[in-house]
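Each residue of the sequence shown is one higher than the one before, starting from 1 at the first, in full-length UniProt numbering. All C-beta atoms, glycine included, are put in the ideal place defined by N, C-alpha and C. Just so you know, these numbers come straight off a predicted model, no measurement behind them. Below: one structure, written as structure tokens.
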Amino acid sequence: MGTSIGTYKGFKPHILMVLAQIAYTFLYFITEASFNHGMNPHVYITYRHIVAGLAMLPFAYFLERKTMPKLTIALLLEIFVLALVGVSLTLNMYFVSLNYTSPTLLASMVNTIAALTFVLAVILKLEDANIRNPRGIAKVLGTLVSLAGVMSMTLYKGPVVKSLGHPLIYIHRGNGVVHENWSKGLILTAASYITWSIWYIMQAYTLKRYPAQLSLTTWMSFVGAA
């Protein structure tokens, strides 16, 4: 029993990351279905982060009220920039690009975020790409494999995969016309993922001065919604 608990704790971050990606996958389809039924992307982002902020607020208050660092003007400005880049700018470009591309493209290209974040972290000397070390080799190879997979998913046009049953989510396309502008969608998607990677790097710096993850998430949600 003790060994099982120890193993679970050791792999807990990996399990949570897998669950987060599964949740994102469902989110892509639900979001596109909402947009194609008339939901405005900017309104969607506002509602989404108001709900996120309200959901996180009780956890942030009760779990971090005794350890929460004091907010200063400099920290508030930093949180504003984080919300602007990671919530407002990133997600507006991200969800607008969904109108021009497809959930499959976004789900595949999201893997570039880890690769871009790693490259930026190496440039800023937050990560060590030591190719003489097995960990460094694994990071570099993982980045290359991720980028190769994204390129394959984006450029390769294979046979259509048909569903054997009825779809769980119906995505309505007005008058049977699919409004896709792949060049515009790809530019918006790429810009979104670049700012997303920058946002991760910025959070690493902010969390050193404000080590309260739940509170920071709550602040970013409300400021981003505003």
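task: Could you tell me whether the region 109-123 touches the region 191-208, using the rule of 3 or more Cβ pairs below 8 Å?
output: In short, these stretches touch, since the Cβ pair count reaches three.
message: Between the region 72-92 and the region 216-224, can you find at least three pairs of beta-carbon atoms closer than 8 Å?
response: Yes, the region 216-224 is in contact with the region 72-92.
field: Pairwise C-alpha distance: H49 and A226
entry: If I take the Cα positions, the gap works out to 9 Å.
Buried or exposed by the 16-neighbour rule on C-beta atoms within 10 Å, applied to P69: Exposed, by the Cβ-count rule.
- request: Just the C-alpha distance for Y210 and T189, rounded to the nearest angstrom, thanks.
  value: About 30 Å.
- prompt: From what residue to what residue does the alpha helix (DSSP H) around M202 run?
  reply: Here the alpha helix (DSSP H) through M202 covers W182 to R209.
message: Quick check on the burial criterion: 16 or more other C-beta atoms within 10 angstroms. Buried or exposed for V178?
response: The predicted position of V178 is uncertain, since its pLDDT is 44 and thus under 50; no value can be drawn from it.
field: Uninterrupted alpha helix (DSSP H) stretches inside the UniProt domain "EamA" (14-151) (no shorter than 4 residues)
entry: Taken in chain order, the complete alpha helix (DSSP H) segments of 4 or more residues contained in the UniProt domain "EamA" (14-151) are 41-64, 73-82, 90-100, 103-109 and 112-123.
message: Tell me the rounded alpha-carbon separation between T101 and N181.
response: Rounded to whole angstroms, T101 to N181 spans 7 Å at the Cα level.
- request: Buried or exposed for S183, please, with buried defined as at least 16 other CB atoms from any protein chain shown within 10 angstroms of its CB.
  value: Counting other Cβ atoms within 10 Å of its Cβ, S183 stays below 16 and is therefore classed as exposed.
- prompt: Which residues in the same chain as S192 place their Cβ atom closer than 6 Å to its Cβ, once the five residues preceding and following it in sequence are excluded?
  reply: Non-local beta-carbon contacts of S192 in its own chain, meaning distances under 6 Å to residues more than five positions away in sequence, involve T90, M93 and Y94 in chain order.
- prompt: Relative to the C-alpha of I187, which residue among V51, Y61, A83 and L98 is closest?
  reply: Looking at the Cα atoms, L98 is the closest of the given residues.
message: Does A225 come out as helix, strand or coil in the three-state DSSP assignment?
response: In this structure, A225 counts as helix in the three-state DSSP scheme.
C-beta atoms of S88 and G185 nearer than 8 Å: No, the pair does not count as a contact, with Cβ atoms beyond the cut-off.
message: Do I201 and V124 have their beta-carbon atoms positioned less than 8 Å apart in this structure?
response: In the sequence as displayed, the identity of residue 124 is Leu instead of Val. Result yes, Cβ atoms of L124 and I201 sit closer than 8 Å.
task: Mark K208 as exposed unless 16 or more other C-beta atoms lie within 10 angstroms of its C-beta, in which case mark it buried.
output: With fewer than 16 other Cβ atoms from the protein chains shown falling within 10 Å of its own Cβ, K208 counts as exposed.
Reference V85, options A212, Q203 and L71, closest by Cα: Measuring from the Cα of V85, the nearest candidate turns out to be Q203.
- request: Closer than 7 Å by C-beta to A52: which residues in its own chain qualify, once you throw out the five before and the five after it? Chain order, please.
  value: Only S221 meet the Cβ criterion.
- request: Just tell me which of H42, A60, V18 and S34 has its CA closest to the CA of A212.
  value: Ranking the options by Cα distance to A212, first place goes to A60.
- request: Label T31 either buried or exposed according to how many other C-beta atoms from any shown protein chain fall within 10 Å of its C-beta, with 16 as the threshold for buried.
  value: Per the 10 Å Cβ criterion, buried.
message: Just to confirm before moving on: does the CB-CB distance between S34 and Y24 stay below 8 Å?
response: Pairing S34 with Y24 gives a Cβ-Cβ distance that is not under 8 Å.
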